[in-house]
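Working notes, beginning with the structure itself.
Chains as they are written, first to last, in the working numbering: chain A, 1 to 116; chain B, 1001 to 1110.
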């Protein structure tokens, strides 16, 4: 079974609008971390935001927020006031703490295009 | 402010050739990783090292070897390159869960 599922291969958003990128995860661990990374066309992986499974508040980092719904096992990324520079691939990832595998499992990504 | 540095950035190999991808981090992290990224897929873990002197297999270790030379450096070796190893390779290091990635190495095996 996929650990991380991103069902939107591509998304479009108008500049200055908000957009939500979906991510669902699968784990039986109680302790885990959820991450979002951005990969622009230049290829580097840029850390955006982190949510721990025990964090009660949704994580926020500037224009990025993580809509964490634990019971539904979803960790959607919300980007507010989209900018042209937000056009990139976005990857959701999860680290399980208890399995000892010390792996960061990635989804297949969503390509976001911001339209002027 | 280097972070994670990978070399080389690009490489073309012939089938059967060997090479080593180098990675160094200056953040004093214990954990280091090698991933590969293929079109339409996320990153998949090849090998990781939880600390100096230890290495473990990830999801796709076949055809690769690694060395954790010291706390800073973690290298990935292809002993006999195959076209299926054409990919973009990322090195990463992490502390308290957050991973920092190098710029990537685009490897083509012909």
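All residues carry an ideal CB built from backbone N, CA and C; glycine is no exception.
- In the DSSP assignment, residue 1086(B) falls outside any beta strand (DSSP E), carrying neither H nor E.
- For residue 108(A), there is no enclosing beta strand (DSSP E), as DSSP marks it with neither H nor E.
- For residue 1004(B), the uninterrupted beta strand (DSSP E) run begins and ends at 1004-1007, by DSSP.
- In the DSSP assignment, residue 1020(B) falls within the beta strand (DSSP E) that extends over 1019-1025.
- The beta-carbon separation of residue 1022(B) and residue 1011(B), rounded to 11 Å, does not stay under the 8 Å limit for a contact.
- CA-CA distance, residue 60(A) to residue 15(A), rounds to 20 Å.
- Residue 94(A) is outside the set of residues whose beta carbon lies under 8 Å from a beta carbon in chain B.
- Across the region 1043-1066 of chain B, CB contacts with chain A closer than 7 Å involve 1043, 1045, 1048, 1050, 1058, in sequence order along the chain.
- Distance from the CA atom of residue 1058(B) to the CA atom of residue 1065(B), rounded to whole angstroms, is 11 Å.
- Here residue 1038(B) carries a coil assignment [DSSP, helix/strand/coil].
- At a Cβ-Cβ threshold of 8 Å, residue 108(A) and residue 11(A) do not count as neighbours.
- Close to chain B, meaning a Cβ-Cβ distance shorter than 9 Å, are the following residues of the region 5-23 of chain A: 6, 9.
- The three-state reading of DSSP puts residue 84(A) in helix, counting H, G and I together.
- Beta-bridge analysis with DSSP links residue 90(A) to 38(A), 110(A).
- DSSP places residue 1098(B) in the uninterrupted beta strand (DSSP E) bounded by 1098-1101.
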